[in-house]
Amino acid sequence: EEIAAFRKGFFGKLATAREEDLKEKAEEIRASESAKNDDLLLRAQRAEGSLNEARDGKAEALGQLARQEEKYNEITAELGRKYPGAAREIRELERDFDKYKAEFGGGGQAPAPEAGIQHDDDEATRNLKNAAARESAVNARNSGPSM
């Protein structure tokens with residue numbers, strides 16, 4: 001009976017208040033953690049969406065690359081059939097291209113030798129000079145030895 005009276009008295013009220021306070025705090029913590037989890041879930045879903053978009057873009061780019069490669073192979077094969085020596089010339093140009101890419105670390109278009117590019121040339125002028133220098137190199141290679 002003393003214990004029952006003790007629980008009903010002042011200390012019982014304190015214990016009940018403490019228990020309710022703990023329940024409130026636990027509920028606040030649950031709500032806070034739930035909000036954090038919801039936020040993390042939303043961020044994960046957004047990241048997954050971005051990843052899927054990147055995968056789709058990569059698949060599309062690979063498809064375009066495959067179509068371009070197929071087109072290139074068909075064109076070069078047809079040129080090889082129609083023009084004697086074209087296949088050899090194409091292989092030489094591919095080797096030259098690979099050599100330039102290797103020399104310049106694969107970054108951008110490698111400048112042609114003796115292109116005459118100046119530091120203040122704009123991109124269009126550089127491209128034009130590179131193309132002219134490459135064409136000259138191809139023509140010189142095709143002309144054969146001078147007699």
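Residue 93 in UniProt numbering sits at position 93 of the sequence shown; the count goes up by one each step and never skips.
Ideal Cβ positions, reconstructed from N, Cα and C, are used throughout, including at glycine.
Along the alpha helix (DSSP H) that carries residue i, what are the first and last residues, could you check?
{"i": "D96", "result": "A86 to E103"}
Report, in whole angstroms, the separation of the C-beta atoms of residue i and residue j, which I expect to be a contact under 8 Å.
{"i": "L79", "j": "A86", "result": "4 Å"}
Nearest to residue i by alpha carbon, out of the options?
{"i": "Y100", "options": "T125, E60, N130 and Q118", "result": "N130"}
{"i": "V138", "options": "K58, A47, L40 and I90", "result": "I90"}
{"i": "F97", "options": "D121, R134, R81 and N73", "result": "R134"}
{"i": "R141", "options": "R88, D56 and E33", "result": "R88"}
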